[in-house]
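Participant:
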Amino acid sequence: MIIFTNQYLDIELDKEKSLFIWSWKAATNYMNPEELFEYCQIIADNIMLHQCQYLISDGTDMQFIITPEYQEKIFKIIAPVVGFVKRFAHILPQEFVANIAARQIWEEDHKGAYAEQYFASLKAAKEWLFE
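Sequential numbering of the sequence shown, starting at 1396, is according to the working numbering.
Dropping the structure here:
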């Protein structure tokens, strides 16, 4: 079930599977940094609210260029709320530069609290989460 949607982001929740997915849209090309951080906070708030064990960050269509400074801010928003997560799947953006930035965000130290993998498709990510 979609619990949040706008021109930049969809957040989906499957309570039965304890699955939380956020998907960035191509319109992120027009997003400003303040909006990025605002939507990351919405993601973090919903992760805490629903406390799902499985997360998917889908950046396939992400067009916003994430600088190292932005990476640090995003990590500081999301990392504190994923302590109960078992598996965290990342679907990589198509854009090469954004791809590197997305990996760097999540390669920060999460103290091995959860298993983490990178994928090219939602299907592959879901298969890994529930294997």
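All C-beta atoms in this analysis are idealised placements derived from N, C-alpha and C, irrespective of residue type, glycine included.
(1) Classify L1444: buried if its beta carbon has 16 or more other beta carbons within 10 angstroms, exposed otherwise.
(2) Can you tell me whether E1430 is helix, strand or coil according to DSSP?
(3) Can you tell which of C1435, Y1425, K1468 and K1410 has its C-alpha closest to the C-alpha of D1453?
(4) Spatial neighbours of E1398 within its chain, please: C-beta separation below 6 Å, excluding the five flanking residues on both sides.
(5) Do V1477 and I1451 have their C-beta atoms closer together than 8 Å?
(6) Using the beta-carbon count (16 or more within 10 Å), is S1516 buried or exposed?
(7) Three-state secondary structure (DSSP) at Q1538?
(8) According to DSSP, is E1407 part of a helix, a strand, or is it coil?
(9) Whole alpha helix (DSSP H) runs in the region 1446-1485 with 4 or more residues, listed along the chain?
(10) Under the three-state reduction of DSSP, which class applies to L1414: helix, strand or coil?
(11) Following the continuous alpha helix (DSSP H) through E1522, name the residue where it begins and the one where it ends.
(12) Thinking C-alpha only, which one of P1428, E1522, A1421 and L1414 is nearest K1468?
(13) Under DSSP, the beta strand (DSSP E) around A1422 begins and ends at which residues?
Facilitator: Once the coordinates are examined:
(1) Its Cβ having fewer than 16 others within 10 Å, L1444 is exposed.
(2) Helix, per DSSP.
(3) When only C-alpha atoms are compared, the closest one is C1435.
(4) As written in the sequence, residue 1398 is Ile, which differs from the Glu given in the question. Excluding positions up to five away in sequence, the list reads I1406 and L1408.
(5) Taking 8 Å as the Cβ cut-off, V1477 and I1451 do not qualify as a contacting pair.
(6) Per the 10 Å Cβ criterion, exposed.
(7) A question about residue 1538 goes unanswered here, because the residues of the chain that appear run from 1396 up to 1526.
(8) Correct three-state label for E1407: strand.
(9) The region 1446-1485 contains these whole alpha helix (DSSP H) runs: 1463-1473.
(10) Reduced to three states, the DSSP call for L1414 is strand.
(11) Counting along the chain, E1522 sits inside the alpha helix (DSSP H) bounded by residues L1517 to L1524.
(12) Comparing Cα-Cα distances from K1468 to each of P1428, E1522, A1421 and L1414, the minimum goes to P1428.
(13) According to the DSSP assignment, A1422 belongs to no beta strand (DSSP E), since it is labelled neither H nor E.
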